[in-house]
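*Asks:* Structure provided below as structure tokens; questions to follow.
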Amino acid sequence: MKTIFSYDKRYLWTKGERSLSKIAFRQLLQTKTKGAVETVRKNLMTHETSVVSLPFASTEEIQSWAFHIQKTYTHLLVIATGGSSLGAQAIIHAIAGSTSKTKVLFLSNPDPDEYRRITKGLPWVTTGVLVISKSGKTLEVLSLFLLVREQLQKKLGKQHTSHLFILTQFDENPLYLFAKEQGYTLLPHVDIGGRFSVLSSVGLLPAAVSGVPIADLLKGAADLLGEYQKQGFSHAVSHFVTAQYLAYTLGKTEQILMPYTERLTLFTKWYRQLWAESLGKERRGRGVGPTPIDALGTVDQHSQIQLYNQGLKNKILTFIELTNFDEESPVLRKIAGLPDAFKEAASPLSLIVRASCRGTACASATHESPGGILSVPKLDAYHLGALFLFFELAVILYAELLQVNPYDQPGVEEGKRQIKKLLSSL
Ligand code: PA5
0 MKTIFSYDKR
10 YLWTKGERSL
20 SKIAFRQLLQ
30 TKTKGAVETV
40 RKNLMTHETS
50 VVSLPFASTE
60 EIQSWAFHIQ
70 KTYTHLLVIA
80 TGGSSLGAQA
90 IIHAIAGSTS
100 KTKVLFLSNP
110 DPDEYRRITK
120 GLPWVTTGVL
130 VISKSGKTLE
140 VLSLFLLVRE
150 QLQKKLGKQH
160 TSHLFILTQF
170 DENPLYLFAK
180 EQGYTLLPHV
190 DIGGRFSVLS
200 SVGLLPAAVS
210 GVPIADLLKG
220 AADLLGEYQK
230 QGFSHAVSHF
240 VTAQYLAYTL
250 GKTEQILMPY
260 TERLTLFTKW
270 YRQLWAESLG
280 KERRGRGVGP
290 TPIDALGTVD
300 QHSQIQLYNQ
310 GLKNKILTFI
320 ELTNFDEESP
330 VLRKIAGLPD
340 AFKEAASPLS
350 LIVRASCRGT
360 ACASATHESP
370 GGILSVPKLD
380 AYHLGALFLF
390 FELAVILYAE
400 LLQVNPYDQP
410 GVEEGKRQIK
420 KLLSSL
């Protein structure tokens, strides 16, 4: 059956003590995965606000805010962190919108050097500021918001209010209450946690401002969901998760995502956060969950691959192969008398990348590091939307197999308490 993405398993079956075998894979798929797919399907359908509802929401309101921002500002500064920021960054990095003159910038880290780098020289008179925080309590976001607000006030006085857009939950949180009192524009945040919110206004508004066709993102996600609902445990999402989980049970707890396209470098940061916060949990008093690692082909062939192949045998790789690049590979004119060493180097770039992906997967398998290849036919908004949903469904299914709640993050609370304590004692 033709699907948006295919998951090639040929390099998963390795030899050695902790190897993945086709038999164990099939057994797991037809028993545990099959059951988990059904449970997830029921749970997702009974939630009114869940990741599966987002692809079907209207984009009209988001688009009209985006037009307003594009018409009014040369720059949009987005202040947000974690799940409230990484999705939008991943979209904009992967899909450069060609229709927008408004430049979208992100501030996520209260690092003073970074603050200076991003804000230095910003034309405040023509800069809109979008603050995104579901909880309205995140320290870094509140602190950056206060600093930027002061800059706007200095430059624009009372006029600064129209430059501030606050995307948060309308639930009496401190940011919401403050913004309401000050008369800033308030935009509602869906009742879905940051790392699952990329296909809501959280990811879509910055993307639309930078000219990304956001309806196409949702269409891709909706189509991927349709496939998954039809095919259940036979779908590529289920196969991918079964391989990852099987590897995990065999001690391969480090799970690497390695796209062979620069355009997905920020997507892998989004994946890393989604995987880590959703799966790294305590279950009956014991820590569980794989460690997600982001890598980039071909660059990390000259960095990480040595470790993946000959280091601890605790890794499983997922390579993302882009089968069609947007740009044609530049064509070399025929050069007579090239030394032999240049023969392969004269191949088209796209072929070099493809051969590198397949060759690396094959070599990793011989070193007991299994690798699956996820093939993405094209990197446009449609396929990117489908890719987000692919990994969201995957993490929800994986959480069901692991028997953990993917939607909470209790492990970050203690750190927040300690930071607050230190800051208030200064
Ligand atoms: O995915 C998550 O839930 C987190 O990474 C949050 O997005 C992050 O902590 C920021 O939270 P908030 O949107 O409440 O500021």
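Just so you know, we're using numbering that gives the first Met the number 0 here: the sequence shown kicks off at 0 and counts up by one. Using N, Cα and C, we set each Cβ at its ideal position, and we do this for glycine too.
Per DSSP, Asp293 is paired with what?
*Replies:* Looking up residue 293 in the sequence shown gives position 294. Note: Asp293 is bridge-paired with Leu256 in the DSSP secondary-structure output.
*Asks:* What residue from Gly288, Gln152, Ala207 has the CA that sits closest to His67's CA?
*Replies:* Position 68 of the sequence shown, counted from the start, is the residue given in the question as residue 67. Checking every option, the nearest Cα to that of His67 belongs to Ala207.
*Asks:* Does the segment 159-171 come close enough to the segment 38-53 to have 3 or more Cβ pairs within less than 8 Å?
*Replies:* no
*Asks:* Could you give the first and the last residue of the continuous alpha helix (DSSP H) run that contains Phe177?
*Replies:* Numbered from 1 along the sequence shown, position 178 holds the residue referred to as residue 177. Segment 173-181, the alpha helix (DSSP H) holding Phe177.
*Asks:* Going by CA-CA distance only, name the one from Asp215, Ser83, Gln62, Met44 that's closest to Gly384.
*Replies:* Taking the sequence shown and counting its residues from 1, the one referred to as residue 384 is at position 385. Gly384 has its Cα closest to that of Asp215, out of Asp215, Ser83, Gln62, Met44.
*Asks:* What residue range is occupied by the uninterrupted beta strand (DSSP E) comprising Leu321?
*Replies:* Locating residue 321 in the sequence shown gives position 322, where the first residue counts as 1. Here the beta strand (DSSP E) through Leu321 covers 314-321.
*Asks:* Where does Ile94 fall in DSSP's three states?
*Replies:* Stepping through the sequence shown from its first residue, residue 94 is reached at position 95. Reduced to three states, the DSSP call for Ile94 is coil.
*Asks:* Tell me the rounded alpha-carbon separation between Glu253 and Thr290.
*Replies:* Counting from 1 along the sequence shown, the entry for residue 253 is found at position 254. Counting from 1 along the sequence shown, the entry for residue 290 is found at position 291. Computed Cα separation, rounded: 5 Å.
*Asks:* By a C-beta neighbour count over all protein chains shown, 10 Å radius and 16 as the cutoff for buried, is Met257 buried or exposed?
*Replies:* Here residue 257 is taken as the residue at index 258 of the sequence shown, counted from 1. Label assigned to Met257: buried.
*Asks:* Three Cβ pairs or more, each shorter than 8 Å: is that satisfied between the segment 342-358 and the segment 216-223?
*Replies:* no
*Asks:* If you drop the 5 nearest sequence neighbours on each side, which residues of the same chain put their C-beta closer than 8 Å to that of Cys361?
*Replies:* Numbered from 1 along the sequence shown, position 362 holds the residue referred to as residue 361. Closer than 8 Å at Cβ, skipping near neighbours: Tyr10.
*Asks:* Taking His74 as part of the beta strand (DSSP E), name the residues at either end of that continuous run.
*Replies:* For the purposes of this step, residue 74 is identified with residue 75 of the sequence shown, where counting begins at 1. Counting along the chain, the beta strand (DSSP E) containing His74 begins and ends at 74-78.
*Asks:* Confirm, please, whether the CB-CB distance from Ala242 to Leu388 is below 8 Å.
*Replies:* Looking up residue 388 in the sequence shown gives position 389. Looking up residue 242 in the sequence shown gives position 243. No. Outside cutoff.
*Asks:* What whole-angstrom Cβ distance do Ser99 and Ser209 have, given they're in contact under 8 Å?
*Replies:* Working through the sequence shown from its first residue, we reach residue 99 at position 100. Working through the sequence shown from its first residue, we reach residue 209 at position 210. Ser99 to Ser209, Cβ: 5 Å. Contact.
*Asks:* Report yes if the C-beta of Lys268 is less than 7 Å from at least one heavy atom of the ligand PA5; otherwise report no.
*Replies:* Sequence index remark: in the sequence shown, residue 268 carries index 269 (1-based). Answer for Lys268: no, Cβ out of range of the ligand PA5.
*Asks:* Output the boundary residues of the alpha helix (DSSP H) element that contains Phe24.
*Replies:* Looking up residue 24 in the sequence shown gives position 25. Per DSSP, Phe24 belongs to the alpha helix (DSSP H) from 21-27.
*Asks:* Is any non-hydrogen atom of the ligand PA5 found closer than 7 Å to the C-beta of Arg194, if you look at the structure I gave you?
*Replies:* As a working note, residue 194 is residue 195 in the sequence shown. Within the cutoff, so yes.
*Asks:* In terms of residue numbering, what span does the beta strand (DSSP E) encompassing Arg285 cover?
*Replies:* For this step, residue 285 is matched to residue 286 along the sequence shown. First-last of the beta strand (DSSP E) with Arg285: 285-287.
*Asks:* Here's the rule: buried if 16 or more other CB atoms are within 10 angstroms of the residue's CB, otherwise exposed. What is Asn313?
*Replies:* Walking along the sequence shown from the start, residue 313 turns up at place 314. When all chains shown are included, Asn313 counts as buried.
*Asks:* State yes or no: is the C-beta of Leu106 within less than 8 Å of the C-beta of Ile91?
*Replies:* Mapped onto the sequence shown, residue 106 falls at position 107. Mapped onto the sequence shown, residue 91 falls at position 92. Against a cut-off of 8 Å, the Cβ pair of Ile91 and Leu106 comes out as no contact.
*Asks:* Going by other Cβ atoms of all chains shown within 10 Å of its Cβ, with 16 needed for buried, is His301 buried or exposed?
*Replies:* Looking up residue 301 in the sequence shown gives position 302. Exposed: under 16 other Cβ atoms inside 10 Å.
*Asks:* Measure the Cβ-Cβ separation of Val77 and Leu129 and say whether it is below 8 Å.
*Replies:* On the sequence shown, position 78 is the one that residue 77 refers to. On the sequence shown, position 130 is the one that residue 129 refers to. Their beta carbons are under 8 Å apart, which means Val77 touches Leu129 by this criterion.
*Asks:* Within 10 angstroms of its Cβ, does Gln158 collect 16 or more other Cβ (buried), or is it exposed?
*Replies:* To locate residue 158, count along the sequence shown from 1; it is residue 159. When all chains shown are included, Gln158 counts as exposed.
*Asks:* Taking the CB atoms as reference points, tell me whether Val403 and Gly286 lie closer together than 8 Å.
*Replies:* For this step, residue 403 is matched to residue 404 along the sequence shown. For this step, residue 286 is matched to residue 287 along the sequence shown. For Val403 and Gly286, no; Cβs fall outside 8 Å.
*Asks:* Less than 8 Å between the beta carbons of Thr297 and Tyr259, yes or no?
*Replies:* Working through the sequence shown from its first residue, we reach residue 297 at position 298. Working through the sequence shown from its first residue, we reach residue 259 at position 260. Against a cut-off of 8 Å, the Cβ pair of Tyr259 and Thr297 comes out as a contact.
*Asks:* Measure the alpha-carbon distance for Leu27 versus Leu245 and round it to whole angstroms.
*Replies:* As a working mapping, residue 27 is identified with position 28 in the sequence shown. As a working mapping, residue 245 is identified with position 246 in the sequence shown. Their Cα atoms are separated by approximately 8 Å.
*Asks:* Look up Leu223 in the DSSP assignment and say whether it is helix, strand or coil.
*Replies:* Position 224 of the sequence shown, counted from the first residue, corresponds to residue 223. Leu223 falls in the helix class under three-state DSSP.
*Asks:* For Phe105, does the three-state DSSP call read helix, strand or coil?
*Replies:* For this step, residue 105 is matched to residue 106 along the sequence shown. Three-state DSSP puts Phe105 in a strand.
*Asks:* Beta-carbon within less than 6 Å of Leu138's beta-carbon, same chain only, minus the 5 sequence neighbours each way: which residues are those?
*Replies:* Taking the first residue of the sequence shown as position 1, residue 138 is located at position 139. For Leu138, where only same-chain residues beyond five positions count, there are no Cβ hits under 6 Å.
*Asks:* Leaving aside the five residues before and after Thr73 along the sequence, list all residues of the same chain whose C-beta is less than 8 Å from its C-beta, in chain order.
*Replies:* In the sequence shown, residue 73 corresponds to position 74, counting from 1. If we look at Thr73 and ignore the five residues flanking it on each side, its Cβ neighbours are Lys100, Thr101, Lys102, Pro122, Thr125, Thr126.
*Asks:* On a Cα-Cα basis, can you pick out the residue from Val394, Gly358, Thr322 that is closest to Ala35?
*Replies:* For the purposes of this step, residue 35 is taken as residue 36 along the sequence shown, with counting starting at 1. For the residues Val394, Gly358, Thr322, the minimum Cα distance to Ala35 belongs to Val394.
*Asks:* Check whether the Cβ atoms of Tyr247 and Val236 lie closer than 8 Å to each other.
*Replies:* Working through the sequence shown from its first residue, we reach residue 247 at position 248. Working through the sequence shown from its first residue, we reach residue 236 at position 237. Not in contact: Tyr247 and Val236 (Cβ atoms no closer than 8 Å).
*Asks:* Taking the alpha-carbon of Arg115 as reference, which of Phe232, Lys420, Leu204, Leu146 has the nearest alpha-carbon?
*Replies:* Within the sequence shown, the letter at position 116 stands for residue 115. For the set Phe232, Lys420, Leu204, Leu146, the Cα lying nearest the Cα of Arg115 is the one of Leu146.
*Asks:* Could you check whether Val211 and Ile131 sit closer than 8 Å to each other, using their CB atoms as the reference points?
*Replies:* Taking the first residue of the sequence shown as position 1, residue 131 is located at position 132. Taking the first residue of the sequence shown as position 1, residue 211 is located at position 212. No, the Cβ-Cβ distance between Ile131 and Val211 is not below 8 Å.
*Asks:* Could you tell me if the beta carbon of Val140 falls within a distance shorter than 7 Å of some heavy atom in the ligand PA5?
*Replies:* Translated into the one-based positions of the sequence shown, residue 140 becomes position 141. Val140 Cβ: within cutoff of the ligand PA5.
*Asks:* Considering only residues of the same chain and omitting the five flanking positions on each side of Val189, which have a CB-CB separation below 8 Å?
*Replies:* Taking the sequence shown and counting its residues from 1, one reaches residue 189 at position 190. So the qualifying residues of the chain are Thr48, Leu53, Ser196, Ser199, Ser200, Val201.
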